[in-house]
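Per numbering that gives the first Met the number 0, the sequence shown runs over residues 0 to 458.
We put the CB at the ideal spot given by N, CA and C, even for glycine.
Model, not experiment: these values are computed from the prediction.
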Amino acid sequence: MSEKMWAGRFSKEVDSGVNAFNSSVSFDSRMYRQDIKGSIAHASMLGKAGIISAEDRKKIVAELENILADLESGALEIDPTAEDIHMFIEAVLTQRIGETGKRLHTARSRNDQVALDVRLYLRDETEEIKALLKQLIIVLSDTAEQNTDTIMPGYTHLQRAQPITFGHHLMAYAQMFLRDISRLNDAARRMNQCPLGSGALAGTTYLIDRQLTSQLLGFDCPTANSLDGVSDRDFCIELASAISIIMTHLSRFSEEIILWCSWEFKFIELDDAFATGSSIMPQKKNPDIAELVRGKCGRVIGDNMTLLTMMKGLPLAYNKDMQEDKEAIFDAIDNVKLCLSTFIPMLQTMTVYRDNMRNAAAKGFINATDCADYLVKKGMAFRDAYKITGGLVALCIEKKTDLEHLPIEDYLSRSELFDTDVYDAINLDTCVNSRISYGGPSPESVKKQIEDVRGALDE
Ligand code: ARG
């Protein structure tokens, strides 16, 4: 890059090491579309407000469009020594149309320019993340639909607890990802205010029309305070935080997938195309994708922490520290998109081993609560029923059997309220089918959940 924009004030050229240190073009060049879009809106407003001539406005807009086309086609390459994408595009514009190009930056600062570009960029990316989440929820609902009667153990403390279905388990994740979409919507709504026109920090003396640029760029309104307009990065933090929560959900899900495809569980098997082998152990089939997603969750939480820590001590208004916002939020965005787009087909192609799930549910006394509830329905207080059932479980362990196979005499020895219909009451299918409470695991209840989630997606 030739002479600096600010060369007039300085008597020396900037040190080349400092130039490289200072430059953000290697990572902010990805916002070239947004930068050009913002400049076109700004130039249009300047023209309409009579701050530049109609002729200059036309020339600037036309050339910005050419620059965009040339960047898209590869005819124009981004100079890696440029200070940032904003300086680069302005410099090209000026090279190409001379004097007129120099008028574009009237009533604008890079501070409001960069705040605008990042918002525009994040707004687009938020839509892409939402689309991926929707795809994931569709796959979850479809798989759940095929598994509304696939009985599996539900766990607490990773100990078998009560019977549920695989469909019910998957729909729990659908709820988490639905909340993630709503969090992204919230963040996008607050993000959707236009900082352009805040200037460097103190607005401008030109009679600009901030409503117009805000409208042209599809914002709800202009930001209300010029200092805040240039120094706010809440929208980066909010998005990074929403993404961290998405990653946390994906990470928990990954952990379960890793467990489920182990020989100890064997509830599922990943498709060969979504697993990897070992360089030494010929028998291995590893859930690398799920592990990497779990690993990347830590990195994205780190991005969120980077942003918070970067902002926490900054006086108003703009400080160069804030250039660090981009790498952190871009990393969070890139990684969540990467994780989602790999995770979805992995989930879609996995094989569900229904029998193994059911066999696991048949062990571990997960119908003990149902046995206690049986006594309660016959009139006993729950705490007494709980105690008697605990004793029955201990008896089963001693006799190396389970509640289904414990003779009726043993039941009767503990309470006369028992009858042979206890075997039906503690049957796994009965246990699941009768859990009809709203949001519960019964096939009917899960079908309703699936229907509601699909409805929410259509909204
Ligand atoms: N590259 C800078 C950034 O990302 C653009 C804003 C520069 N403004 C300034 N006053 N130096 O934050």
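C-alpha distance - MET0 paired with ALA90, whole-angstrom precision: Residue placement at MET0 is poorly supported in this model, since its pLDDT is 49, which falls under 50; the coordinates still yield a value, given next. A straight line joining the alpha-carbon of MET0 with that of ALA90 spans about 9 angstroms.
Cα-Cα separation between ASP27 and ILE39, rounded to whole angstroms: One C-alpha to the other measures close to 18 angstroms.
ASP219 Cβ short of 7 angstroms to the ligand ARG heavy atom set: For ASP219, the distance from the CB to the nearest heavy atom of the ligand ARG is not below 7 angstroms.
Straight-line gap, TYR31 to LEU67 (C-alpha atoms, nearest Å): So the two alpha carbons sit approximately 8 angstroms from each other.
Enclosing beta strand (DSSP E) for THR348 [first to last residue]: Looking at the DSSP string, THR348 is not in any beta strand (DSSP E); the run it does join, the alpha helix (DSSP H), is 324 to 348.
N-terminal and C-terminal residue of the alpha helix (DSSP H) that GLN161 is part of: Annotation: GLN161 is outside any alpha helix (DSSP H); the continuous beta strand (DSSP E) that includes it extends over 158 to 164.
ASP451 to SER414 span [Cα, whole Å]: Between the alpha carbons of ASP451 and SER414 lies a gap of roughly 43 angstroms.
Three-state secondary structure (DSSP) of MET0: Confidence at MET0 is low in this model, with a pLDDT of 49, below 50, so the placement of that residue should be treated as unreliable; the coordinate-derived value is given next. Note: MET0 maps to coil in three-state DSSP.
Cβ contact (3+ pairs, closer than 8 angstroms) linking the stretch 269 to 288 and the stretch 344 to 351: They touch, by the three-pair rule.
When LYS362, LYS386, GLY390, ALA424 are compared against LYS376, the one with the closest alpha-carbon: Of the residues LYS362, LYS386, GLY390, ALA424, the one whose Cα lies closest to the Cα of LYS376 is ALA424.
SER284 to LYS265 span [Cα, whole Å]: Sequence inspection shows Lys at residue 284; the Ser mentioned does not correspond to that position. A direct Cα-to-Cα measurement between LYS284 and LYS265 gives close to 12 angstroms.
TYR31 beta carbon near the ligand ARG (any heavy atom closer than 7 angstroms): No, since every heavy atom of the ligand ARG falls outside the 7 angstroms radius drawn around the Cβ of TYR31.
Simplified DSSP state of ASN355, which is helix, strand or coil: Here DSSP, grouped into helix, strand and coil, assigns ASN355 to helix.
Alpha helix (DSSP H) runs wholly inside the stretch 197 to 238, at least 4 long, in chain order: Listed in chain order, they are 209 to 215, 225 to 230.
Chain B within 8 angstroms of LYS362, Cβ atoms only: The chain inventory of the structure shown lacks chain B, comprising one protein chain alone.
Any non-hydrogen atom of the ligand ARG closer than 7 angstroms to TYR317 Cβ: Yes - the ligand ARG has a heavy atom lying nearer than 7 angstroms to the Cβ of TYR317.
HIS167 Cβ short of 7 angstroms to the ligand ARG heavy atom set: No.
8 angstroms Cβ cutoff met for PHE176 and ILE136: In terms of Cβ geometry, PHE176 and ILE136 form a close pair [threshold 8 angstroms].
Nearest-angstrom Cβ-Cβ length linking ARG95 and ALA187, presumed shorter than 8 angstroms: The beta-carbon separation of ARG95 and ALA187, rounded to 35 angstroms, does not stay under the 8 angstroms limit for a contact.
Any non-hydrogen atom of the ligand ARG within 7 angstroms of MET309 CB: Checking the Cβ of MET309 against the ligand ARG gives no.
Proximity of TYR352 and ILE236 at Cβ, strictly below 8 angstroms: The beta carbons of TYR352 and ILE236 sit no closer together than 8 angstroms.
Terminal residues of the alpha helix (DSSP H) in which ILE128 lies: Judged by DSSP secondary structure, ILE128 falls within the alpha helix (DSSP H) whose first and last residues are 109 to 144.
Whole-angstrom distance between MET4 and ASN21, CA atom to CA atom: Approximately 14 angstroms between the Cα atoms of the pair.
Within 8 angstroms, strictly: CB atoms of LEU195 and LEU226: Not a contact, by the Cβ cut-off of 8 angstroms.
Nearest-angstrom Cα separation, counted from TYR172 out to GLY438: Straight-line Cα distance between these residues: approximately 13 angstroms.
Cβ-Cβ distance between LEU391 and TYR410 below 8 angstroms: Taking 8 angstroms as the cut-off, the beta carbon of LEU391 is found closer than this to the beta carbon of TYR410.
According to DSSP, residues forming a beta bridge with GLN192: GLN192 is bridged to CYS220.
Beta carbon of ALA81 nearer than 8 angstroms to that of VAL24: Between ALA81 and VAL24, the gap from beta carbon to beta carbon is short of 8 angstroms.
Bridge-paired residues (DSSP) for ASN285: Per DSSP, THR275.
8 angstroms contact criterion, which VAL60 and LYS325 should meet: CB distance rounded: Not quite, the Cβ-Cβ distance comes to about 26 angstroms (not below 8 angstroms), so this is no contact.
Near the ligand ARG: MET321 beta-carbon under 7 angstroms from a heavy atom: For MET321, the shortest separation between its Cβ and any heavy atom of the ligand ARG lies below 7 angstroms.
When LEU306, ASN318, PRO314, LYS58 are compared against ASP330, the one with the closest alpha-carbon: Taking each of LEU306, ASN318, PRO314, LYS58 in turn and checking the Cα distance to ASP330, the smallest one comes out for LEU306.
For PRO442, the three-state DSSP class (helix, strand or coil): Helix.
Contact set for ASP179: own chain, Cβ-Cβ below 8 angstroms, skip 5 residues either direction: Hits under 8 angstroms: LEU132, ALA241, ILE244, ILE245, HIS248.
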